[in-house]
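Keeping their order, the protein sequence lines are chains A and B.
In this text, residue positions in the first sequence follow the working numbering: the first is 1, and each later residue adds one.
In this text, residue positions in the second sequence follow the working numbering: the first is 1001, and each later residue adds one.
For glycine and all other residues, C-beta sits at the position ideal for the given N, C-alpha and C.
Just so we're clear, the structure is a prediction, and the values are computed from it rather than from any experiment.
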Amino acid sequence: MSAEDDDEPAEPSLSASAKVVATAGWLVVVVGALGASGRITHFAGAIPWRSLALWMVGPAALHDLVIAPIITLIGIGLARLVPSLVRGPMAAGLIVSGALVAISWPRLGAYGALPDNSSILPGDAPADLLRVLAGVWVVVVGLVVARVIRARRTAAVS
Amino acid sequence: MPTLTRRGFLGAVAVASAVVTVTTVGQTLPLLRRLNLLGPRRSTVGPQDFPVNQTADGAGVIDQVSSDAAVADFRLTVAGRVERELELTFAELAAMPQHEAELPIACVEGWSAGARWRGVRVRDLLAAAGARDDAEVRVVSLQQDSLYSSSVLNRFQARDELTLLAMEINGEPLHPDHGRPVRLIGANRPGVQQTKWVTRLEVR
């Protein structure tokens, strides 16, 4: 990590296309802020500051204080256990798997399910998730195998 | 050697976004329906293979719509700015000219599903009641005390030939959860405004 960071200039200058993207991004932020303020001022009753604050701050705090430290610890552990050829594909696989588990959370917990409405959250949530995860990890294993083969060839040549 | 380069990390995030999209978007996109493994809805799951948001039980109308006796007691009223008020039984509605429309329920929650609906054109009912050509219509449900117990058809929607009070879905009488005995279905309306268990058209 640090070796790579040292190679970068202290003040990276933005390319023209990056400036266009950044400008578009900031415009979207402004539109979102205007929309949010419009929403807030149109509440019929008292503005629910507490739940608004919970919504705005809660996810960030949960991520920074709970999820990120756990992921970091897992990452440190894996880095020690796993050979370097495997680490990249494995990290990518974990990122994809984490996103899939996160969006499956409501289905796994059956949040929002109603006894008289079978059309909400249909299917077998754990089995469906496992099928998709299996597909992801087949690709990860394929990438690792490709890397190992390439590394052996390089070693043979040199 | 870094575990994952910055470019690799961004690539992994992009792949994660793509996988999430592909495994959920089938709840609204028929082409990818079979890959919809992780979406909260499936467009062919529900009574009569069609999803439901509000059930008849949940809406508190089940006693008024589930039995044949209840449907025999059902009346549809057309009132308001009309030359003659109408009060029609289910049998009288069924005796009127029936029309079909291939239209989706497109829910703001993210799912949508298409069906072939069959029923009476709203504009035929308006003509029978002697409503003006530019009439707007409030469509009122048996369901009470809900944000969605009524919806408004603007003057274009009210005259549209696709705007039906449907009595059938895909050739079958409506299930109570789909709005038995009659529901509104029209083009370009969010699902919550396809009012179910319709009992009254208020012309204005």
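(request) Round the Cβ separation of R1138 (chain B) and E1092 (chain B) to the nearest angstrom and send it over; I've been treating them as touching at under 8 angstroms. (result) The distance from the Cβ of R1138 (chain B) to that of E1092 (chain B) is about 21 angstroms, inconsistent with a contact at the 8 angstroms cut-off.
(request) Taking Q1064 (chain B) as the reference, give the member of B:G1171, B:A1187, B:A1101 and B:Q1143 with the closest Cα. (result) Selected option, being the one with the closest Cα: B:Q1143.
(message) Under 7 angstroms, Cβ to Cβ, is there at least one residue of chain B near G142 (chain A)?
(response) False, the Cβ-Cβ gap to chain B never drops below 7 angstroms.
(request) Decide if N1224 (chain B) is buried, meaning its Cβ has at least 16 other Cβ atoms within 10 Å, or exposed. (result) An answer regarding residue 1224 (chain B) cannot be provided, because it is not within the stretch 1001 to 1204 covered by chain B.
(message) What does DSSP give as the partner residue(s) for A1101 (chain B) in the beta ladder?
(response) Paired residue(s): B:W1117.
(message) So that I know if they touch, is there some Cβ in chain A lying closer than 7 angstroms to that of P1051 (chain B)?
(response) For P1051 (chain B), the nearest beta carbon of chain A is closer than 7 angstroms to its own beta carbon.
(request) Look up R1042 (chain B) in the DSSP assignment and say whether it is helix, strand or coil. (result) Residue state, collapsed to three classes: coil.
(message) To the nearest angstrom, how far is the alpha carbon of V1061 (chain B) from that of A79 (chain A)?
(response) Going from the Cα of V1061 (chain B) to the Cα of A79 (chain A) covers about 60 angstroms.
(message) Taking contact to mean 3 or more Cβ pairs, one atom from each stretch, closer than 8 angstroms, check whether the stretch 1021 to 1035 of chain B and the stretch 1105 to 1113 of chain B are in contact.
(response) Remark: three or more beta-carbon pairs, one from each stretch, lie closer than 8 angstroms, so the stretch 1021 to 1035 of chain B and the stretch 1105 to 1113 of chain B are flagged as touching.
(message) Tell me the DSSP secondary structure of R150 (chain A) in three-state form.
(response) Note: R150 (chain A) maps to helix in three-state DSSP.
(message) I want to see whether chain A comes within less than 7 angstroms of T1055 (chain B), judged by CB atoms only; does it?
(response) At a cut-off of 7 angstroms between beta carbons, T1055 (chain B) contacts chain A.
(message) Nearest by alpha-carbon distance to P52 (chain A): which of A:V66, A:L62, A:A36 and A:D64 is it?
(response) Per the sequence presented here, residue 52 (chain A) reads as Leu, with Pro not at that position. Ranking the options by Cα distance to L52 (chain A), first place goes to A:A36.
(request) Take every Cβ of the stretch 1118 to 1126 of chain B, pair it with every Cβ of the stretch 1141 to 1159 of chain B, and state whether three or more of those distances are shorter than 8 angstroms. (result) As far as the Cβ criterion goes, the stretch 1118 to 1126 of chain B touches the stretch 1141 to 1159 of chain B, which means the pair count is three or higher.
(request) Using three-state DSSP, classify I1062 (chain B) as helix, strand or coil. (result) If DSSP states are grouped into helix, strand and coil, I1062 (chain B) belongs with the helices.
(request) Identify the continuous beta strand (DSSP E) that holds I76 (chain A) and give its terminal residues. (result) No beta strand (DSSP E) contains I76 (chain A), which is instead part of the alpha helix (DSSP H) from A68 to L81.
(message) Can you tell me where the alpha helix (DSSP H) holding T23 (chain A) begins and where it ends?
(response) Here the alpha helix (DSSP H) through T23 (chain A) covers A16 to T41.
(message) Considering only their Cβ atoms, is the gap separating A1012 (chain B) from A92 (chain A) smaller than 7 angstroms?
(response) Less than 7 angstroms separates the beta-carbon of A92 (chain A) from that of A1012 (chain B).
(message) Just verifying my parser: in three-state terms, what is the DSSP assignment at M90 (chain A)?
(response) In the three-state reduction of the DSSP assignment, M90 (chain A) falls in the helix class.
(message) Counting only beta-carbon separations shorter than 7 angstroms, does L1004 (chain B) have a partner in chain A?
(response) Interface criterion met: the Cβ of L1004 (chain B) is under 7 angstroms from a Cβ in chain A.
(message) What would DSSP say about T1021 (chain B), mapped onto helix, strand or coil?
(response) Residue state, collapsed to three classes: helix.
(request) Quick one: list the residues of chain B neighbouring R107 (chain A), beta-carbon separation under 8 angstroms, in chain order. (result) Within 8 angstroms Cβ-Cβ: L1038 and P1040.
(message) So Q1020 (chain B) and A99 (chain A) are supposed to be a Cβ contact under 8 angstroms. How far apart are they, rounded?
(response) Just to set this straight, residue 1020 (chain B) is Val in the shown sequence, not Gln. In this structure, V1020 (chain B) and A99 (chain A) form a Cβ contact; the two beta carbons are roughly 6 angstroms apart against a cut-off of 8 angstroms.
(message) Can you look up S164 (chain A) in the DSSP assignment and give me helix, strand or coil?
(response) It is not possible to answer for residue 164 (chain A), since the shown part of chain A is limited to 1 through 158.
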